[in-house]
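Those protein sequence lines, which keep their order, are chains A and B.
Note that numbering that gives the first Met the number 0 numbers the first sequence so that position 35 is 34, with each residue one more than the last.
Note that numbering that gives the first Met the number 0 numbers the second sequence so that position 193 is 192, with each residue one more than the last.
So the structure is just underneath, and the comments pick up after that.
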Amino acid sequence: MYGTGLLKGLSITIRHFFEKKITQQYPEERPVLPKRFRGSFNLTPEKCTACGLCVKACPNDIISIDTFRDENNKRKLSKYRMNMASCLYCGFCVEACPQGALYTTQEFENTVYFRQDLDRVLYEYEPTAQENREEGSEA
Amino acid sequence: MDIFLVWVDIFRNWLTAGIGVPALAAEIFIKIILVLIVIVFVCCNLIVLVWLERKFSAFYAMRRGPNRLGPAGFFQFPVDIVKMLAKEDIIPKAADLPVFKTASICAFITAILAWAVIPLGKGLVLEDLNIGIFYFIAIGSTGTIAFIMAGFGSNNKYSLLGGMRTAAQMISYEIPMAFSLLGVVMLTGSLNLSDINDAQRNVWFVFPQILAFLCYFISSIAETNRAPLDLSEGEQELVAGYFLEYSGIRYSLFMVAEYAHLVAVSAIASIMFLGGWNPLFGLTFIPGFVWMMLKIYFMIFLFMWMRWTFPRVRIENLMHFGWKVLIPVSLLNIFLTSIGLYVFQAITG
């Protein structure tokens with residue numbers, strides 16, 4: 000019959016009109032994230048051995064670490080930087096980390112007001128004069 | 000007597016008797032104020048309509064719509080107005096300046112002019128013309144010229160095509176619109192909108208004139224350039240049609256005209272078919288003005304329901320439907336109405 004399709008469409012839309020709204024009111028309502036959701040990255044500096052495997056694993060070369068040697072001539076991390084502007088969140092750095100020091104967090108609000116804030120420093124440590132015998136840097 | 004008319008009378012008495020203004024001058028002064036009130040009334044409706052359109056479009060899509068500024072996002076409108084006013088008024092170098100500039104004003108004025116004869120209650124009308132409905136149709140037709148002016152004046156082939164498309168559509172749908180209103184005019188024997196309203200005290204004309212109502216409804220969607228028949232604009236796939244080159248305040252004038260036309264068409268529909276300011280179920284303690292507004296907004300709700308349900312039709316389907324379906328159906332309605340009138344006269348003698 001002519002017009003039945005139109006009436007069917009109208010009845011569907013009017014039902015949706017009075018239905019409960021399904022959109023999430025984001026800033027007030029926090030989203031329930033899946034367990035394995037991978038947001039931004041974080042570092043456990045105690046576990047890090049400053050091996051630099053994450054630097055090599057990164058396809059965009061956004062990770063740069065500074066190292067120094069302490070009194071036992073052991074290489075230690077002094078600065079861990081990630082340029083999030085070029086990060087593609089592939090997670091290869093986390094996969095490459097042999098110590099499990101680098102891990103993904105559930106944090107997804109990565110917006111910043113200024114461009115330089117994208118250059119995120121995950122860890123910073125100023126070595127003392129005694130420790131600062133030899134300084135290495137891996138880009 | 001309506002409360003608004005009482006106020007006008009008090010004001011007139013104060014002008015003539017209180018401060019001694021001549022009667023003619025007082026009358027002209029009052030008319031000017033009333034015209035301004037009508038324009039403000041139309042603009043207030045626009046504010047509500049823009050908000051409603053957003054809210055309703057959201058509700059049909061199961062979203063919540065604007066909800067940040069004010070209660071339910073209502074105070075979005077001052078922000079929008081400021082944004083529109085602050086935008087750069089871009090005029091193309093090759094545009095036909097006088098035509099380009101007057102086109103948007105023409106569109107707005109023709110939309111406002113229709114309000115001269117639309118009553119919103121008993122006596123609440125600027126000029127109760129005895130050919131009110133005729134005037135409304137005539138003014139609605141002159142609105143087409145603004146769109147052609149905009150299309151030609153922009154000096155852009157897509158604008159021109161859009162203007163031609165709009166003119167073709169609006170002129171085609173004028174005919175079934177006028178014919179569908181003719182059925183009601185035949186029943187009442189009057190072109191005066193107040194008389195037509197008074198004739199519906201016992202039964203609304205939507206029941207004996209259901210065919211006419213459907214024709215009027217569909218053709219007024221096309222007349223007001225609203226989806227699903229908004230071929231003149233076609234925001235998704237056609238490049239905005241005749242107002243392609245407009246920006247800022249001139250663009251917003253076209254939008255204002257569109258919504259003013261929508262309210263006018265809804266008001267005419269409520270007067271002609273839905274009983275105007277006659278109360279429903281004998282609830283006479285609610286003023287006629289409120290009934291009228293309720294009916295206007297019911298009609299607007301129907302228009303929005305259509306808009307957010309149906310996809311846009313193609314232009315040739317639109318023209319085929321107008322000429323091959325709507326006009327024969329509205330003519331059939333006139334035929335049936337005249338037979339009905341003869342039968343009625345034969346029975347009652």
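All residues carry an ideal CB built from backbone N, CA and C; glycine is no exception.
One Cα belongs to SER231/B, the other to THR165/B, and the distance between them is close to 5 Å. Taking 8 Å as the cut-off, the Cβ atoms of SER140/B and TYR241/B do not count as close. A distance below 7 Å between beta-carbons, with the five flanking residues on each side excluded, links LEU112/B to the following residues of its chain, in chain order: ILE138. Separation of ASN41/A and ARG62/B (C-alpha to C-alpha, rounded to the nearest whole angstrom) is 35 Å. If you look at GLU257/B, you'll find it in the alpha helix (DSSP H) that goes 247-271. Within the DSSP secondary-structure output, SER140/B pairs in no beta bridge. Interface criterion met: the Cβ of PHE58/B is under 8 Å from a Cβ in chain A.
When DSSP states are grouped into helix, strand and coil, ASN201/B belongs to the coil group. Between the alpha carbons of CYS47/A and VAL54/A lies a gap of roughly 13 Å. Within chain A, no residue has its beta carbon less than 8 Å from that of MET298/B; the closest one is some 15 Å off. Annotation: the continuous beta strand (DSSP E) that includes MET81/A extends over 74-82.
In this chain, the alpha helix (DSSP H) harbouring ARG14/A covers 3-17. Look at LYS7/A: its C-beta is not under 8 Å from any C-beta on chain B. For GLY72/B, the closest alpha carbon among the candidates LYS92/B, VAL342/B, LEU51/B is that of LEU51/B. By the C-beta density criterion, ILE195/B is buried, having at least 16 other C-beta atoms within 10 angstroms. It is roughly 17 Å from the alpha-carbon of ASN12/B to the alpha-carbon of ASP1/B. Contact residues of the segment 11-40 of chain A toward chain B are ILE11, THR12, ILE13, HIS15, PHE16, PHE17, GLU18, LYS19, LYS20, ILE21, THR22, GLN24 (C-beta to C-beta distance below 9 Å). Collapsing the DSSP output to three states places ARG225/B in coil. Residue-level contact by beta carbon holds for ARG62/B and chain A, with a gap shorter than 8 Å. Inter-residue distance for MET83/B and LEU181/B is about 40 Å (C-alpha atoms, whole angstroms). Looking at the DSSP output, ASN41/A sits in a beta bridge with TYR102/A. Residue environment for LYS92/B: exposed (fewer than 16 other C-beta atoms within 10 angstroms of its C-beta). Straight-line spacing of the CA atoms in GLU173/B and LYS7/A works out to 28 Å. With a contact defined as Cβ atoms closer than 8 Å, CYS57/A and CYS96/A miss out at about 11 Å. Shown here, ARG63/B sits in coil according to DSSP, grouped into three states, outside any helix or strand. Beta-bridge partners of ILE62/A (DSSP): MET81/A. Look at the beta carbons and you see the segment 243-257 of chain B touching the segment 103-112 of chain B: at least three pairs across the two are nearer than 8 Å. Secondary structure at ARG68/A: strand, using DSSP grouped into helix, strand and coil.
Chain-order list of chain A residues neighbouring PHE302/B: empty, with the shortest C-beta distance near 12 Å, by a criterion of under 8 Å. At least one beta carbon of chain A lies nearer than 8 Å to the beta carbon of PHE309/B. A check of alpha carbon separations from TYR245/B across ALA110/B, ILE9/B, MET148/B identifies MET148/B as the nearest.
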